[in-house]
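S.K.: Each step along the sequence shown adds one to the number in the UniProt record's numbering, with nothing skipped, and position 125 is 125.
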Amino acid sequence: MDDRTALLANVLNDPADDTARLVLADWLEERGESVFGRFIRAGVVAARFRGAELIDDPDYYAALKTLTDLTTASHPALWLSALGLGPSRLAFGDWSWDGAGDRVTVRIGAALGVFSRGMLAELDVTLQLWHAVAPFALAAWPIERVRATDVPGLTFAVERVEQGWRITGRLRTPRRNVPLTGSALPSAMAPGAVLAQSSADWAADQFFADREALVQGAARECSLIVDDLKDVAGDRWPRPPRRRRT
Numbered sequence: 001m002d003d004r005t006a007l008l009a010n011v012l013n014d015p016a017d018d019t020a021r022l023v024l025a026d027w028l029e030e031r032g033e034s035v036f037g038r039f040i041r042a043g044v045v046a047a048r049f050r051g052a053e054l055i056d057d058p059d060y061y062a063a064l065k066t067l068t069d070l071t072t073a074s075h076p077a078l079w080l081s082a083l084g085l086g087p088s089r090l091a092f093g094d095w096s097w098d099g100a101g102d103r104v105t106v107r108i109g110a111a112l113g114v115f116s117r118g119m120l121a122e123l124d125v126t127l128q129l130w131h132a133v134a135p136f137a138l139a140a141w142p143i144e145r146v147r148a149t150d151v152p153g154l155t156f157a158v159e160r161v162e163q164g165w166r167i168t169g170r171l172r173t174p175r176r177n178v179p180l181t182g183s184a185l186p187s188a189m190a191p192g193a194v195l196a197q198s199s200a201d202w203a204a205d206q207f208f209a210d211r212e213a214l215v216q217g218a219a220r221e222c223s224l225i226v227d228d229l230k231d232v233a234g235d236r237w238p239r240p241p242r243r244r245r246t
């Protein structure tokens with residue numbers, strides 16, 4: 001294992017440790033990957049001020065400027081594209097972004113990625129795309145949350161636990177009224193006698209012994225988690241959202 005791989009592994013194995021991120025940032029800046037190193041460092045520095053009501057520390061504003069400069073230069077968008085979340089050659093109009101403190105949100109088409117504390121932490125993608133990119137995303141980034149854009153209410157949380165790693169698939173469905181003599185209709189349209197079904201929250205877990213097992217097995221196990229949630233949700237499994245007309 002080379003130095004870069006080892007330092008990245010330290011970050012992936014303990015995503016909450018800012019020191020590991022800063023050590024990686026130092027190494028990257030000293031060895032020709034200054035863009036990535038500066039982005040990580042700026043994210044870590046900016047995150048220190050989360051929740052502060054009044055900030056007068058120049059380090060914070062310098063960190064925000066670095067995040068803005070590197071993001072507008074398309075670097076985070078290119079990192080997402082490298083995972084297969086967009087065209088391999090990004091044009092100016094292929095992506096957009098916004099930011100709040102250390103959190104940088106980049107959208108490429110229907111896919112979205114959130115960089116937190118300098119590294120990719122969240123993804124909003126279709127379920128099929130998550131199954132395809134999970135091994136590559138988890139091997140390169142400390143992903144913490146994934147939202148399936150084509151299954152409303154379905155998310156995956158990736159967490160370090162005492163025994164190793166855990167993926168929790170969770171499905172939340174809203175309250176609905178079911179006509180006693182017909183199919184489910186929205187509350188405002190349900191005439192006559194109805195059965196009121198409360199909102200639901202189902203979850204299923206899968207555990208992994210270490211990070212390597214997580215990387216290798218995440219896609220398969222997420223698919224099995226989905227099967228389990230489909231079984232328990234039954235006819236309450238969400239339909240894909242309607243596409244907006246352009």
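Note that beta-carbon positions come from the ideal geometry of N, C-alpha and C, so glycine has one too.
Can you grab the Cα-Cα spacing for the pair R41 / L112, in whole Å?
M.R.: Computed Cα separation, rounded: 22 Å.
S.K.: Counting C-beta neighbours from all protein chains within 10 Å, is the total for V232 16 or more, i.e. buried, or is it exposed?
M.R.: Under this definition V232 is an exposed residue.
S.K.: Give a yes or no on whether the C-beta atoms belonging to W130 and L138 are separated by under 8 Å.
M.R.: Cβ atoms of W130 and L138: not closer than 8 Å.
S.K.: Where do the ends of the beta strand (DSSP E) carrying L224 lie?
M.R.: Not the beta strand (DSSP E): L224 falls in the alpha helix (DSSP H), residues R211 to A233.
S.K.: Reducing DSSP to helix, strand and coil, say where A190 ends up.
M.R.: Low per-residue confidence applies at A190: pLDDT is 47, beneath 50, and the placement is therefore not dependable, though the value from the model is reported in the following sentence. It is coil, neither helix nor strand.
S.K.: I'd like the span of the beta strand (DSSP E) that includes L154, first residue to last.
M.R.: Taken as a continuous stretch (DSSP letters only), the beta strand (DSSP E) holding L154 covers L154 to V161.
S.K.: Just mark R38 as buried or exposed, buried being the case when its beta carbon has 16 or more other beta carbons within 10 Å.
M.R.: Under this definition R38 is a buried residue.
S.K.: So, with DSSP's three-state summary, where would you put V151?
M.R.: V151 falls in the coil class under three-state DSSP.
S.K.: Over what stretch of residues does the alpha helix (DSSP H) that includes R21 continue unbroken?
M.R.: Taken as a continuous stretch (DSSP letters only), the alpha helix (DSSP H) holding R21 covers D18 to E30.
S.K.: Just to confirm the assignment: which complete alpha helix (DSSP H) runs, minimum length 4, are found wholly within the segment 66 to 105?
M.R.: For the segment 66 to 105, whole alpha helix (DSSP H) runs of length 4 or above, ordered along the chain, are 75 to 82.
S.K.: If we ignore side chains and look at the alpha-carbon of each, how far apart do D98 and V104 end up?
M.R.: C-alpha separation (whole angstroms): 6 Å.
S.K.: Please report the straight-line C-alpha distance between T19 and D235, rounded to a whole angstrom.
M.R.: C-alpha separation (whole angstroms): 47 Å.
S.K.: Rounding to the nearest angstrom, what Cα-Cα distance links V215 and E33 in this structure?
M.R.: Cα to Cα, V215 sits roughly 24 Å from E33.
S.K.: In the DSSP assignment, what residue or residues form a beta bridge with E1?
M.R.: The sequence shown places Met at residue 1, rather than the Glu named in the question. Note: M1 sits in no beta bridge, so no partner.
S.K.: Among the residues of its own chain, which have a CB less than 7 Å from the CB of I108, if the five just before and after it don't count?
M.R.: Counting only Cβ-Cβ distances below 7 Å, and skipping sequence neighbours, we find A77, L80, S81, L85, G86, D94 and W95.
S.K.: Between F115 and the rest of its own chain, which residues show a CB-CB distance below 6 Å, the 5 nearest in sequence each way excluded?
M.R.: So the list reads P76 and V104, once near-sequence residues are dropped.
S.K.: With distances taken Cα to Cα, identify the nearest neighbour of W237 among G153, A219, G164 and A157.
M.R.: Considering only alpha carbons, the answer is G153.
S.K.: Pull the bridge partners of E122 from the DSSP assignment, please.
M.R.: Answer by DSSP bridge pairing, in chain order: V114 and R145.
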